[in-house]
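Top to bottom, those sequences are chains W and B.
Each residue of the first sequence is one higher than the one before, counting from 414 in our numbering.
Each residue of the second sequence is one higher than the one before, counting from 414 in our numbering.
Okay, structure first, notes after.
2 protein chains.
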Amino acid sequence: MGSPISWDSRFARRATRITSSTIRELLKMAQQPGMITFSGGLPAPELFPAEAMAEASARILREKANQALQYSTTEGYPALREWVAAQLPNTQPDQVLLVSGSQQGLDLLGKIFIDAGSAVAVESPTYMGALSAFNPYEPEYLTVAMDEEGMVPEALEAVLKQGPRFVYALPTFQNPSGRLMSLERRQKLVELAGEYGVPIVEDDAYAELYYGGQKLPTLYSLDQQMRGGGEGNVVYLSTFSKTLAPGLRVAYAVGPRPVIHKLVQAKQGADLHTGSLNQMLVYEMVKYGLQEQLSKIRETYAARRDVMLEAMTQHLPKGVSWNQPKGGMFIWMQLPQGADAVSLFKKALEQKVAFVPGQPFHADGSGQNTLRLSFSNADPELIREGIRRLGRAAEEELELVK
Amino acid sequence: MGSPISWDSRFARRATRITSSTIRELLKMAQQPGMITFSGGLPAPELFPAEAMAEASARILREKANQALQYSTTEGYPALREWVAAQLPNTQPDQVLLVSGSQQGLDLLGKIFIDAGSAVAVESPTYMGALSAFNPYEPEYLTVAMDEEGMVPEALEAVLKQGPRFVYALPTFQNPSGRLMSLERRQKLVELAGEYGVPIVEDDAYAELYYGGQKLPTLYSLDQQMRGGGEGNVVYLSTFSKTLAPGLRVAYAVGPRPVIHKLVQAKQGADLHTGSLNQMLVYEMVKYGLQEQLSKIRETYAARRDVMLEAMTQHLPKGVSWNQPKGGMFIWMQLPQGADAVSLFKKALEQKVAFVPGQPFHADGSGQNTLRLSFSNADPELIREGIRRLGRAAEEELELVK
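Right under this line is the structure:
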C-alpha cells in the first residue's frame, strides 16, 4: 500500500480550472530582500487603526464574548447589516449579507449563477481574483473592450446579446486599470443590462478611495433610479479591506432579496458565517472612526500616486504609456506592441523592483504588453527609487523590440 | 422596468440543491423566550476563555498589527501550521491548510472532488452541514448503515464497490449520533478504503471532547501505520470551534500534499485566506492555554451529559431509547417505529423545549423516528427541566402511535 496515489485522476473535472496562475508563481520570486514591490494590491499597513482596534477588540471580548466567540447567523451581525443598509439608497438590512471578503462574495455568486459552459461577461482587463472565483464553475468568458472611460457601449451590447448569466463590472478605480467609468457609460451599462435582462455584479471595493473630484453614482443606485423603485438588477459588492483592514476578511453583498436569500443558503454550506468577532470589530470601527481613517488614507495614497506619476514621467522611456487614475491603488501601464510584460518583469526583478504583468487580468489571454503598478504600499522614497529601477529595466526591454 | 425579475430562472442548475432544510426553518420557531433548547451544537459560552483572548488580541494588535490586519498567504499563519503539524503523526507544516471553519474544509473538498452525479459515501446518519457543503456540487449519496460501533463493514464494502469519490466519516463522537467508532471498525474502514482506492475524509471536530476512557487512534494515523509511510489516503479535518470558540472560524485540513495543494488553490478563489488576526489569536491561545481549557470543557460537558442521561431515564416514556456517548456534545434518541420526530418537535415547542429532528442527518431521507439532543449548552438545572418537558411531549406523541 506504500505506492503513491494518483490524485489528479481522483479530482473533479472542474479541478483542472482550479489552478495558480503562472504569474502568482512568478510573484513568489519577488519575495527577496531589497526588492521594491509595486505588485500587491496591499493597503499601507502604517495606516491601519491598530491601537483603536486593540482597544475595541479587548472591549468586545470583555463585554460581549458570548456573542463575539459563539456561532452566529449566516446573514451577519445585525448592527453591521443595518449600518451597511444605511449607506446605500433604498436598502433594507435584509438585503445585506456579510461575507468573508469580497472574494467570497464572488465565489458565492459564481456558485449560484454559473453552470458549466455558461457565458459570463467581464471587462477586459478585469480583476484576476474574480476569474479565480468563477473558474471552478466552468464559465465561458465574453470579454468587453474598454477605453479609459470604461466598457465601450458597442462592445458591451454585442456581448449582452449573447445572453451571459451576468456582467461583472468594476466601475470605480478598477483593479487592475485604475479606471473610473464615466457617468454616461454607467447609465448606458445599467440601461442595456436592464434591456437585455442580464444582471450586473458591481464590485466596488475602491469606492471610498477617491482623491479629489466628485463621487460618481454606483450602478446599484442608477439602476434603482431608472426603475423608479423595486429591488433592481444589480448585486453590489463592497468591502472593509481597503478602508479598515483586509486581514479581518469582512465584506458585504447587497441586492435583490431573492439573490441575497440564495447567497445566504450558499454561504451556510460554504462557511456557516463570517467571524463574529471580526464583524463586531468592524462595526465598532466604522461607527466611531471611519471618516478619520478615510481622510488619512486618501491623503497618503493621493500623495503616493502623485510621486509615482511624476517619477514615471521622469524615468520611463519613450513608447511606454500609462493612465492618471483619480483614485484607488493602481496605475495601468502599456508597453509598445511587441514588448512583453513578463520579459520586463524578469528584467525588473534583476533590478530589484516588482509589479504584476497584465495578461492574467485578461480573460481572453490578451494584454501581454500591459502591467499593473500599485502605489499604495510603498513610501515616496521607495516609489521614486523603484520607478528609477523600472525605467532601467524598461529601457533594456524596449531595446529588444526596436 | 419596474416589473419584478424572475431570479429563479436566472440561477445555475445547482441552485436547486442550495436550500435551507425545513428543519432549519422549524428551528427558527424555537427562538422564543422561556425555551430550553437542546438543538444547536453550541459550546457553552461561559467556558470561552474571554479574558485571555481579550488580552491576547490587544497584544497582537499592538505588537503585530502589520501582520494581523494585512492580507496573508492562503495556506495560513506559519506558526499555527507548525503547531497543527506537530499534533499529528508524520506530518509536515506544508500538509496543513488553515480554513474558515471545518465547514469551509467540507465545501472545498466538495469543490475539488465532486462532479455532478459523482457518488459520495456517507454514514447514516451523518453531519447535516456536510450535506449542505456537498450538495451544490450535485453528488449522489451512498449511505452506509451504522450501529453503535460505527459503519457496518459489510454495508461499507458494498458501498465502496460502487466507487464513490470519497467516504466521509466522523469516527469520534459523531455529529449527530455521539457514536465512537471502535478501533476494529476504524482499522477495517482504513483497510477497505485503501483496497478499493477510495479516499477517506475524516471529520474530527470532537476529538478532544472525551470524558474518560482512552483516546482511539484517528483514521489518519491508522492509514499511515498500515501503509508504513507515505502521504496516505486520508484527508483529516479538525477545528478550534469546539475547544476554543466557533465565532473565530478557524479550522484545518491536513492530508496528502497534492490534495492540500489543490485545496489551497480552491481556497484562494473562495476567500483568499482565513482571517489573519483570528489565526494569530488561536495560535496564542493553543500555545498558552489549551490544556486548561480542555480540562474545563471535559469536566463541564461530562457532568451535563450525566445529568441529561439521568433525567432521560427518569422522565422519558417506555419505547424511547438512546445511547450513552463517551464524549462530544450529543445524545441520539430513537422513538418507536411509526412515531415521528417532527411531530414530537412541535409538541415539544408547546412545552418550551427544542431539539433537532433526525431526518435531515440522513442523506437517504430516512430517520423520521430519530432526534438529536445537545447537552453542552444548557446548565444542569435547565437540562433537568428541559428533559422533564420533553418527557411530557414524548408521552403525548407516543399516545398517538399506540
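We put the CB at the ideal spot given by N, CA and C, even for glycine.
Note that the structure is a prediction, hence the values are computed from the model and not measured.
Bridge partners - residue i, DSSP secondary structure assignment
i      : result
S651/W : Y665/W
M564/W : M559/W
G740/B : Y623/B
I362/B : As shown, chain B starts at 414 and ends at 815. That puts residue 362/B outside it, with no answer to give.
P770/W : L784/W
M746/W : W735/W and L784/W
S537/B : A558/B
Chain A contact for residue i (CB, 8 Å cutoff)
i      : result
W420/W : As a matter of chain content, chain A is missing from the structure shown, whose protein chains are W and B.
Residues that residue i contacts on chain W, provided the C-beta gap is smaller than 7 Å
i      : result
T432/B : Q678
G688/B : G660, L661, R662, G688 and N691
Q681/B : S545
I525/B : F424, A425, A428 and I431
K675/B : F424, A428 and I431
Residues that residue i contacts on chain W, provided the C-beta gap is smaller than 8 Å
i      : result
M466/B : L474, A478 and L482
A471/B : A467, E468, S470 and A471
K731/B : Under the 8 Å cutoff, chain W gives no residues; its nearest Cβ is about 36 Å from K731/B.
R485/B : Residue identity differs from the one stated: residue 485/B is Ser in this sequence, not Arg. Going along chain W in sequence order, the residues near S485/B (Cβ under 8 Å) are G660.
F461/B : A478, N479, L482 and Q483
Nearest-angstrom Cα separation, counted from residue j out to residue i
i      : j      : result
L803/W : R670/W : 48 Å
V677/W : Q508/W : 10 Å
Y490/W : P506/W : 10 Å
L605/B : A571/B : 10 Å
Q727/W : A467/W : 42 Å
N790/B : G453/B : 8 Å
M414/W : I744/B : Model confidence at M414/W stands at a pLDDT of 46, short of 50, so the residue's coordinates are unreliable and nothing is read from them.
I431/W : V814/W : 34 Å
Y540/W : W735/B : 54 Å
P446/W : L511/B : 27 Å
F586/B : L650/B : 14 Å
Y484/W : F653/W : 21 Å
L786/B : M725/B : 11 Å
Y714/B : A478/W : 20 Å
V611/W : A666/W : 18 Å
M448/B : L657/B : 26 Å
D792/B : M721/B : 10 Å
A679/W : T487/W : 10 Å
L455/W : G626/W : 23 Å
D636/B : E597/B : 13 Å
E697/B : E809/W : 49 Å
Chain B contact residues for residue i, given Cβ-Cβ distances below 7 Å
i      : result
R426/W : D528
S513/W : S513 and D684
Burial state of residue i, where buried means 16 or more other Cβ atoms lie within 10 Å
i      : result
M442/W : exposed
S419/W : exposed
E438/W : exposed
D777/B : exposed
K628/B : exposed
R718/W : buried
G642/W : exposed
E712/B : exposed
Rounded distance between the beta-carbons of residue j and residue i, thought under 8 Å
i      : j      : result
Q516/W : L685/B : 5 Å
S513/B : T687/B : 5 Å
Q527/W : V580/W : It is Ile, not Gln, that sits at residue 527/W in the sequence shown. Actually they are not in contact, since the Cβ atoms of I527/W and V580/W sit about 13 Å apart, beyond 8 Å.
R599/W : P584/W : 6 Å
K524/B : P549/W : 6 Å
F788/B : F461/B : Actually they do not touch by this definition, with Cβ atoms about 18 Å apart.
L474/B : A463/W : 5 Å
Chain B contact residues for residue i, given Cβ-Cβ distances below 8 Å
i      : result
R578/W : R423 and A425
G741/W : Near G741/W there are no residues of chain B at all, since even the closest Cβ is about 16 Å away, more than 8 Å.
K700/W : Simply none; closest approach about 18 Å.
D520/W : G682, A683 and D684
Q517/W : A683 and D684
Per-residue contacts from residue i into chain B (C-beta, under 9 Å)
i      : result
A492/W : Within 9 Å Cβ-Cβ: nothing; A492/W doesn't reach chain B, min ~15 Å.
F788/W : By Cβ distance, chain B contributes nothing, its closest Cβ being about 17 Å from F788/W, past 9 Å.
V557/W : Neighbours of V557/W on chain B: none; closest Cβ ~19 Å, over 9 Å.
Per-residue contacts from residue i into chain W (C-beta, under 9 Å)
i      : result
Q637/B : Neighbours of Q637/B on chain W: none; closest Cβ ~10 Å, over 9 Å.
L455/B : Q483 and Y484
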